[in-house]
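Numbering (the numbering used here), first residue to last: 2 to 350. Note that the Cβ used here is the ideal one computed from N, Cα and C, for glycine as well. Have a look at the structure below before the remarks.
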Ligand code: NAP
Ligand code: G4F
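Structural data, given as structure tokens:
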């Protein structure tokens, strides 16, 4: 029998890379998606399988981490061997604006899912291995480098919620002897990164600057440092955690940190531009409490299962810039074909 996995957050950056990885390994992949008034599946459209297709290996279920009865039904239907809990309100700045929702989805949502797993395991006798998507944001103000022994010091409602989820997961591992692993992943990016996170915001704007569509980009704190890796590498670490002989807590990082300024320099100089001519600082993007310096020590994952990042900082920046230059060019073509008709309609009105 092929293994089966349930991915919450399948429509997100990590969910899309993880689905590809698991499908390539022969898994049947179940994904939880939210009902939305517009399509939210663009990152997984290339692997989508029509429900009428015989033997399809990607199955999507409507559900939400805030809806426990729905979660229970999906688990009873999918009967997964592994669950990857990637769903979250994942934007740190937004969590200051919607703190209660963030706690409900990210902290209590994890608890709901764990409790469904506990009951399912108890009444069926099946094993379900569980991955919890923890974050380096949990370290917050703790001085770098951070590893599995560093005490958490969260600095946002998002980070506090992820700390709660981490401890719920650990408690369910100890209390009910469930195979539950916490990944503590440092920032990971890709051309599929959401466009409001700083790396993608920069490369997307750069693509449009090169295409002549804009000439400014507004950012917040340029001094913060992050340990940025490639999302494709990080989903492999998630899978490895659930194949390991015992559950645990694992930091996944590159061991190298750069500031936002350095990211800007790397991206703009790659296309021969001086970033300082285009970037404006707008305090609206400052956070009430900032996380200044995240730098992970990935020694444990290296030793436990030989995991290493395959994409360097420079390669990551270039991969994202190359992608977004193409997207900028597409934007330019769409705009130049649309604009004349819009102008003529407006002129007639
Ligand atoms: P992302 O692109 O923002 O994706 C988040 C996913 O969660 C989306 O599929 C989203 O659905 C879904 N979601 C949000 N609220 C939900 C809810 N209430 N119920 C069900 N689904 C919901 O995030 P990501 O970058 O892939 O990150 C994956 C996970 O890792 C998240 O938990 C994040 O907090 C954590 N993490 C990320 C990083 C990183 O650097 N990327 C680092 C550490 C930890 P829609 O598409 O419908 O919005
Ligand atoms: O790209 P960011 O929004 O990522 P942040 O806050 O580090 O969170 C991401 O990584 C976490 C892992 O550590 C994940 F858990 C979380 O889900 C998310 O994926 O911001 C990075 C830095 C911050 O210091 C921010 O203040 O960039 C700074 N920044 C400066 N200007 C900006 C901007 N961030 C955003 N989003 N937008 C700006 O204009």
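How is the beta strand (DSSP E) around residue 251 delimited, first residue to last?
250-253
Name the two residues that bound the continuous alpha helix (DSSP H) containing residue 79.
69-79
Quick one: what's residue 9 bridged to in DSSP?
33, 86
Alpha carbon to alpha carbon, what distance is there between residue 5 and residue 30?
6 Å
Pick out whichever of 86, 26, 82, 148 has its Cα sitting closest to the Cα of residue 297.
Of the listed residues, the one whose Cα sits closest to residue 297 is 148.
Three or more C-beta pairs closer than 8 Å, one from the region 105-115 and one from the region 76-89: is that the case here?
Taking a contact to require three or more Cβ pairs closer than 8 Å, the region 105-115 and the region 76-89 qualify as touching.
Buried or exposed: which applies to residue 131, given that a residue is buried once 16 or more other Cβ atoms fall within 10 Å of its Cβ?
buried
Would you check if the distance between the CB atom of residue 44 and the CB atom of residue 193 is smaller than 7 Å?
Yes, the pair counts as a contact, with Cβ atoms nearer than the cut-off.
In chain order, what residues of the same chain have a beta carbon less than 8 Å from the beta carbon of residue 232, not counting five sequence neighbours either side?
14, 15, 18, 189, 190, 191, 193, 194
Can you tell me whether residue 134 is helix, strand or coil according to DSSP?
strand
Beta-carbon separation of residue 236 and residue 302 under 7 Å?
no
Would you grab the beta carbon distance between residue 183 and residue 250 for me? Rounded to a whole angstrom, and I think it's under 8 Å.
4 Å
How is the beta strand (DSSP E) around residue 63 delimited, first residue to last?
59-63
Which residues in the same chain as residue 322 place their Cβ atom closer than 7 Å to its Cβ, once the five residues preceding and following it in sequence are excluded?
204, 207, 268, 271, 272
Should residue 351 be counted as a contact of ligand 1 given a C-beta to heavy atom distance under 6 Å?
Because the chain here runs from 2 to 350, residue 351 falls outside it and cannot be looked at.
Between the Cα of residue 20 and those of 339, 332, 240, spot the shortest distance and give me the residue it belongs to.
240
Can you tell me whether residue 222 sits near ligand 2, meaning its C-beta is under 6 Å from at least one heavy atom of the ligand?
yes
Rounded to whole angstroms, what's the CA-CA distance from residue 255 to residue 310? Just pull it up for me.
6 Å
Quick one: grab the DSSP three-state call for residue 40.
coil
Going by CA-CA distance only, name the one from 325, 175, 290 that's closest to residue 212.
325
Keeping to the same chain, check which residues put their C-beta closer than 6 Å to that of residue 170; ignore five residues upstream and five downstream.
133, 181, 183
Could you tell me the boundaries of the beta strand (DSSP E) in which residue 185 lies?
180-186
Short check: CB of residue 105 to CB of residue 78, under 7 Å?
no
Within the same chain, show all residues whose beta-carbon is closer than 8 Å to that of residue 294, passing over the 5 residues directly before and after it, in chain order.
144, 145, 225, 226, 258
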